[in-house]
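Just so you know, the sequence shown maps onto residues 1340 to 1749 in the numbering used here. Glycine residues also receive a C-beta, built at the ideal position from the N, C-alpha and C atoms.
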Amino acid sequence: MTTPSSEWAYGSKLADPDKFRGWMQRLDEWAIKKKLVRGELAIDDSMGNGHAIFQDKLTGDWMDYSGGWISSLWPTDEQAYERSDDPFETIVHGGAVSWNAPLWLERRKKWERHAAHRMVYYSTLQAVKAGEYRSETGHIVRIPADPSIATDSRLYSSELTPEPPQQCYDTKITVESNDCLLAAERLVKADAGKVAVLNMANAYTPGGGVIGGSTAQEESCFRRSNYFLSLYRYSYFAKQYGVEPEPEQYPLDPNFGGCYSPNITVFRGPESDGCPLLDDPWKVNFIAVAAINTPPTTTTPDGERRISGPLVETTKSKIRTIFNIAIDNGVDELVLSAFGCGAFHNPPKHMAELFKEVLQEDAYRGRFKRIVFAIIGHGSNYQSFAEVFGSGSDAEDEAKSEAESEGAAA
């Protein structure tokens, strides 16, 4: 019988991650099992999806084993674990995956944040593996197998030159305080064009830190969809997730790198709602491009941060790459965001100005029906883009306006 390697079993501590990692590294899975036998670990498996959170009764440390379960989620016949009394030797069985969003929202208050997010991703992987899930309302919902995810995904590594436009639009640009997938869902269901969402990607690892429970935009998109079926094709760990690897691999080219992923099924709601499994999944396209991570900046006399020197042109090349990939795949409606202005620390006001400059270039003027900058919250990122592009209409205001227009038409 094969057992998981101990390197999969390193959890996280609620208050002191470094100390906890050191503690975990001194324990292999056999020592953990002894603690279970002696009753020294409390187990919270209330989510009912095969994932448990453990607490050491002596130290109060919280830990999880999702890293091990994710790594063994797609075993070959030779690697499949046998069922036994060992709680860590678990494989995914057939049947619909379920999820309890209100309970997850309640329990994550005591769980370490990354562990809570790893649990969501594990559940997402289970659902895709099973091909179906049980929604919050109890309905069995199928996740369609779409071969175009494999056949039409494309990794870009060189500069694209867009063809002259066959049609020019009066591009409508709005800045919304909104989740990017909620903004995209509204556009998709309006059925006015071909929609793509910008994935503000990690340049080196598809999905960024989703396996470890990181909380940036790319990781959120992975937790809420089957996006991994596309991007993992360009990673060395593709086969661990049932995906056939492509010859071309990450990292992304620093100037022109990106990936187009078509027909990704979004089947979970936002974290604020508990990542619920949806009754009505929907499909959207993604464009993955990575911003510069923590570029050197200068500060103007009035205190505004600006990207330094030659990296301005590099950033504009990345913005052009987003638009070029969209044009190359017939996308005419884009959901963008404050590109690289979170964990990558790009200055938001300057980034917004660079987007505006590129959009005014001949190659991109009038190329898109609609561009939505969806930025969560009303902080400096939202304020900066709203200042450069005009606040436009928030999603709530626009929905109200559309409803009033429909009422008037009726």
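Rounded to the nearest angstrom, the Cβ distance from A1691 to S1723 is 5 angstroms, consistent with a contact under 8 angstroms.
Remark: C-beta atoms of S1719 and M1539 do not approach each other more closely than 9 angstroms. Per DSSP, C1680 lies in no alpha helix (DSSP H) and is assigned neither H nor E. Assignment of V1549 by DSSP, reduced to helix, strand and coil, places it in the coil class.
Ranked by how close their Cα comes to the Cα of S1437, the residues G1546, R1481, H1453, V1674 have R1481 in first place. A direct Cα-to-Cα measurement between I1550 and E1652 gives close to 33 angstroms. The residues V1480, L1616, L1617, D1618, in chain order, have a CB closer than 7 angstroms to that of S1474 in the same chain once the five nearest residues on each side in sequence are set aside.
Under the three-state reduction of DSSP output, R1572 falls in the helix class. Judged by DSSP secondary structure, Y1460 falls outside any beta strand (DSSP E) and instead within the alpha helix (DSSP H) spanning 1452–1469. Residue range 1687–1698 is occupied by the alpha helix (DSSP H) that includes K1695. In its chain, beyond the 5 residues on either side, D1671, E1672, K1708 have a beta carbon closer than 6 angstroms to the beta carbon of G1532. DSSP, read as helix, strand or coil, puts A1555 in coil. Looking at T1638, Y1573, I1631, the one whose alpha-carbon comes closest to that of S1492 is Y1573.
Three or more beta-carbon pairs separated by less than 8 angstroms link the region 1626–1634 to the region 1589–1599, which places the two stretches in contact. In the structure shown, I1631 falls within a coil segment according to DSSP collapsed to helix, strand and coil.
One alpha carbon belongs to E1498, the other to F1595, and they sit about 5 angstroms apart.
Closest in C-alpha terms to Y1543, from the list D1509, E1587, N1565, comes E1587. CA-CA distance, T1463 to P1441, rounds to 17 angstroms. Listed in chain order, the non-local C-beta contacts of L1526 below 8 angstroms within the same chain comprise G1532, V1534, E1672, V1674, R1709, V1711, local neighbours out to five positions each way being set aside.
Out of N1541, R1644, Y1580, A1702, the CA that lies nearest to the CA of A1469 is found in Y1580.
For F1694, the closest alpha carbon among the candidates L1570, K1657, M1458 is that of K1657. Under the Cβ criterion (8 angstroms, minimum of three pairs), the region 1660–1671 counts as touching the region 1599–1614.
The beta carbon of G1548 lies closer than 7 angstroms to those of E1558 in the same chain, with the five residues before and after it left out. If you draw a straight line from the Cα of W1621 to the Cα of A1702, it is about 31 angstroms long.
Secondary structure within the region 1609–1676: the beta strand (DSSP E) runs of 3 or more consecutive residues, fully enclosed, are 1616–1628, 1636–1638, 1644–1646, 1672–1675 (chain order). Counting of Cβ neighbours within 10 angstroms places A1484 among the exposed residues, the total staying below 16.
DSSP, read as helix, strand or coil, puts L1537 in strand.
Using a Cβ distance threshold of 9 angstroms, N1541 and I1715 do not count as a contacting pair. Excluding its 5 nearest sequence neighbours in each direction, L1570 has C-beta neighbours in its own chain below 7 angstroms: P1545, G1546, C1598, S1600, A1627, listed in chain order. In the structure shown, N1602 adopts extended strand secondary structure according to DSSP, grouped into three states. In the structure shown, the three-state DSSP call for L1520 is helix. Between V1467 and L1568, the gap from beta carbon to beta carbon is short of 9 angstroms.
Here T1637 is near R1645, since their CB atoms are less than 9 angstroms apart.
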